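In our numbering, the protein residues as written are 3 to 395. Note sheet for the following structure.
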Ligand SMILES: Cc1cc2nc3c(=O)[nH]c(=O)nc-3n(C[C@H](O)[C@H](O)[C@H](O)COP(=O)(O)OP(=O)(O)OC[C@H]3O[C@@H](n4cnc5c(N)ncnc54)[C@H](O)[C@@H]3O)c2cc1C
C-alpha cells in the first residue's frame, strides 16, 4: 500500500503527478531544486488538446486556460511567406494554448499549493537509497526524506535517471539551436489565432502575432551545443539577420530585435529511448523518462499524460513494481513515437535548396491526400486518459 510519494522536480510533470496522486488517495511531497518558482525563465510552450484533456481529468485545466492564449490554427509557409498548409484544431477538443513557460510553471505550482500538497524549494536531489519497503532521497543541503516511492520528475538532465541507470544516454544534440521570446508589437497585423511555422531559406522561423506582443523563434544550425553559451548576444543577432535576410516576414520581425532578446539560446535536444524507466521503488516521469525536442510541441502535454497514467497505476495495481510496469506499458510506445516524429521535423528544418523546391511542390498535393488534420494530429490530439476507470493488468 503506497501512502507517501516523494516527487523530485517542480516543473510540469512534478506538480501534475502530485495532484493526480492526491486524487488517487496517495499523499505526495514535491521537492524542487530552485529556491522558488521559475518566474520569467524560458520561452513559450504549447499545450495541445490532449494535454488539456488530461488536465481536465484532475480539474486543473481551468487554471491553465486562464493564463493561455488560444492558438487553434497552425500555418506552414515557405520563405516567401506563401502558405503551404493550414491546420485547424480538430472539432470537439479543447483549443491549443500558447503559454509563457514561466507562467505555466507558476500556475501549476500555485494550484498544487492551493490543494495543500507540500512543495519544498531549494531541495536538489543528489542521490537516493532504497530497500524492500522504503526509499530515501538525499539532497544537496544535507537533508533527506523517506517515502514509499520516489518519482523522478526532474527534467531532461534528470539526476534520478542517472542514478537509476548510470549507462543512460546523455541528451542528443539535434544540430539546431533555439532562439526566441516575446517582443512588443509595434503594429504588425494580428495572426488571428494562428501559429506560423516558416521554412526559411537558411533557418526555420516561427511566429505568432497578437495585438500587444509577438512570439518569435528561430532554429539555427550549429556544429555543437556549446555554441549556445560561448557566443555573445550581438553574434546571435547578426546570425539571425544573415539567416533570415531572404525570409518574409521573418526579416521584419528580426529587425525589431535587440541583443537582449537573443541572450538565451539553447540547444534542441532529445533522447530517442530511455532504456530504464523504473527500478525497485523509483520511477521516471515527464522529460526525465521521455525528453523530446521542442519541435514536437508536445513536451508539456506528454508530461501531463504520463503523470496521470503513473498515478492511476499506483492507485490500482497492488505492487509497486507491477504499477510501474503497467505505467511504462501504457506510455512507452506513444512517447517514443512523439520523439521520433519531432526528430523528423528537425531534419526538415535544415532542408537544402533541392529539398526546399520538392517540399514546396509536394506539400499542397500531400495536403489533399495524406496530410489531412485527422491523419497528422488525430493520434496525438484525440488521446484520452480515462483516469477514473481502473487499470487492469
Ligand atoms: C529551461 C527550459 C526551457 C524550456 N523551454 C521550452 C520551450 O520554450 N518550449 C517547449 O516546448 N519546451 C520547452 N522546454 C521543455 C518543456 O518545458 C518540457 O518538455 C516540459 O517542461 C517537461 O516537463 P518536466 O516537468 O518533465 O520537466 P521540466 O519542466 O524541465 O521540470 C523539471 C524540474 O525539475 C527540477 N529539477 C531538476 N533537477 C533537479 C534535482 N536534482 N532535484 C530537484 N529538482 C530538480 C527543475 O528545476 C525543474 O523545475 C524547456 C525546458 C527547460 C528546462
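Ideal Cβ positions, reconstructed from N, Cα and C, are used throughout, including at glycine. Note that the coordinates shown come from a computational prediction; the quantities given were computed from them, not determined experimentally.
Set against 8 Å, the gap from the CB of residue 387 to the closest heavy atom of ligand 1 is not smaller. In the DSSP assignment, residue 76 forms a beta bridge with 89 and 197.
Using a 10 angstroms sphere on the CB of residue 367, the tally of other CB atoms stays under 16, which defines it as exposed. In this chain, the beta strand (DSSP E) harbouring residue 221 covers 215–223. At a Cβ-Cβ threshold of 9 Å, residue 181 and residue 238 count as neighbours. Taking all protein chains in view, the Cβ of residue 255 is crowded by 16 or more other Cβ atoms within 10 Å, so the residue is classified as buried. By the C-beta density criterion, residue 21 is buried, having at least 16 other C-beta atoms within 10 angstroms. If you ignore the 5 residues before and after residue 395, its C-beta comes within less than 7 Å of the C-beta of 319, 324 and 328, all in its own chain and listed in chain order. For residue 263, the shortest separation between its Cβ and any heavy atom of ligand 1 does not lie below 8 Å. In terms of CA proximity to residue 216, 101 leads the group 172, 116, 101 and 152.
Exclusion of the five residues before and after residue 365 leaves 78, 86, 87 and 373 as the residues of its chain whose Cβ lies within less than 8 Å of its Cβ. Counting only unbroken stretches of 4 or more residues, the alpha helix (DSSP H) elements lying wholly within the region 105–182 are 161–166, in sequence order. In the three-state DSSP reduction, residue 385 falls in the coil class, being neither helix nor strand.
At a threshold of 8 Å, residue 125 counts as near ligand 1, since its beta carbon sits closer than that to one of the ligand's heavy atoms.
For residue 341, no beta strand (DSSP E) run applies; the uninterrupted alpha helix (DSSP H) run containing it begins and ends at 322–351, by DSSP. Taking a 10 Å sphere around the C-beta of residue 280, we find 16 or more other C-beta atoms and assign the residue as buried.
The beta carbons of residue 149 and residue 134 sit no closer together than 9 Å. Linking residue 201 to residue 251 through their CA atoms gives a straight-line distance of about 12 Å.
Remark: C-beta atoms of residue 274 and residue 205 do not approach each other more closely than 9 Å. In the three-state scheme derived from DSSP, where H, G and I count as helix and E and B as strand, residue 10 is classed as strand. Apart from sequence neighbours up to five positions away, the residues of its chain that approach residue 299 with a beta-carbon distance below 6 Å are 48, ordered along the chain. Taking each of 371, 147, 80 and 96 in turn and checking the Cα distance to residue 126, the smallest one comes out for 147. Listed in chain order, the non-local C-beta contacts of residue 18 below 6 Å within the same chain comprise 306 and 309, local neighbours out to five positions each way being set aside. Contact check between the region 220–235 and the region 190–199: fewer than three CB pairs, one atom from each, fall below 8 Å, which does not count as touching. Under the three-state reduction of DSSP, residue 287 is assigned to coil, being neither helix nor strand. Pairing residue 288 with residue 16 gives a Cβ-Cβ distance under 9 Å. Residue 244 is positioned such that its CB atom lies no closer than 9 Å to that of residue 261. One alpha carbon belongs to residue 333, the other to residue 286, and they sit about 12 Å apart. For residue 131, the Cβ stays outside the 8 Å cut-off from all heavy atoms of ligand 1. Assignment of residue 268 by DSSP, reduced to helix, strand and coil, places it in the strand class.
In the DSSP assignment, residue 206 is bridged to 201 and 221. Checking the 8 Å criterion, the Cβ of residue 47 is within range of a heavy atom belonging to ligand 1. Residue pairing by DSSP places residue 185 opposite 216 in a beta bridge. In the DSSP assignment, residue 71 is bridged to 100. Proximity of the region 21–39 to the region 263–272 falls short of the contact definition, fewer than three beta-carbon pairs being nearer than 8 Å.
CA-CA distance, residue 253 to residue 124, rounds to 42 Å.
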